[in-house]
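Q: First to last, the sequence lines map onto chains A and B. For the first sequence, my numbering begins at -16 and goes up steadily by one. For the second sequence, my numbering begins at 12 and goes up steadily by one. Quick reminder that beta carbons are idealized off the backbone N, C-alpha and C, glycines included. My questions all concern the structure below.
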Amino acid sequence: GAGVSQSPRYKVAKRGQDVALRCDPISGHVSLFWYQQALGQGPEFLTYFQNEAQLDKSGLPSDRFFAERPEGSVSTLKIQRTQQEDSAVYLCASNLGPNQPQHFGDGTRLSIL
Amino acid sequence: DAKTTQPPSMDCAEGRAANLPCNHSTISGNEYVYWYRQIHSQGPQYIIHGLKNNETNEMASLIITEDRKSSTLILPHATLRDTAVYYCIVRVGVNTDKLIFGTGTRLQVFP
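Written out as structure tokens, the structure is:
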């Protein structure tokens, strides 16, 4: 069956531009997560949705980062006024609910020039 | 939140069993141990999880010590495709499902 789909796979932007990253979770999955992975590091939690409600955004590094999931399915992670330190792989994951394994997409590799 | 400790790297010969250890001495009674792996340029892949009993699935076995302070992931017959970074994670939080990844163990399977 279809897994978690992320687009674009690669994104290059100039410093100061806004970017939007998309995540299509597995159909029927209630929870959706965003993680950021710097080169050579493990993924770091950014934010979490249960249906359309954003229950935890404690990992968002600044107010330039904004995530939404308006209909409880597709989610968008937006980064405004990008900085070089935003360069990373952004991973999306979904699951059926608490204590269930998370299924990850292959990420969007963001490069800020 | 319970912290995990893993060796940074391990080697294993193809066809042999790979035994990846993890220490989680501060784990609490209701926290699960999860294992994920990440192959280069892919997202993390769920392998297995457990609470107190040993678990086995088509990918691996998970052995948890009786005091739950450590666990071992066993890949019974490692293949070259098992080369990856393996993360041992204790699920954190009551109202959130977020995973806290460490730096993991880089397993290299050689021919």
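Measure how close the beta-carbons of residue 88(A) and residue -12(A) come, nearest whole angstrom, since I'm counting them as under 8 Å.
A: Contact holds; Cβ gap of about 6 Å.
Q: Would you kindly work out how many angstroms separate the C-alpha atoms of residue 116(B) and residue 18(B), rounded to a whole number?
A: Cα to Cα, the separation comes out at about 6 Å.
Q: Quick one: give me the first and last residue of the beta strand (DSSP E) that residue 49(A) is part of.
A: Counting along the chain, the beta strand (DSSP E) containing residue 49(A) begins and ends at 48 to 51.
Q: Checking the sheet assignment: what are the DSSP bridge partners for residue 83(B)?
A: In the DSSP output, where bridge partners are listed per residue, residue 83(B) has 32(B), 74(B).
Q: Going along the chain, which residues of its own chain have a beta-carbon closer than 6 Å to the beta-carbon of residue 43(B), five neighbours each way excluded?
A: Result list for residue 43(B): 60, 62, 102, in chain order.
Q: Find the residues of chain B that neighbour residue 26(A), judging by a C-beta separation of less than 7 Å, and give them in chain order.
A: Here the neighbours are 55, 112.
Q: Looking at the unbroken beta strand (DSSP E) that takes in residue 35(A), where does it start and where does it end?
A: No beta strand (DSSP E) holds residue 35(A); DSSP gives it neither H nor E.
Q: Since residue 60(B) meets chain A, which of its residues come closer than 7 Å, beta carbon to beta carbon?
A: Residues of chain A passing the Cβ test: 84.
Q: Who are residue 4(B)'s beta bridge partners in DSSP?
A: Look at the range of chain B in this structure, 12 to 122, and you will see that residue 4(B) is not part of it.
Q: Counting Cβ pairs closer than 8 Å, one from the segment 62 to 73 of chain A and one from the segment -10 to 1 of chain A, do we hit at least three?
A: They touch, by the three-pair rule.
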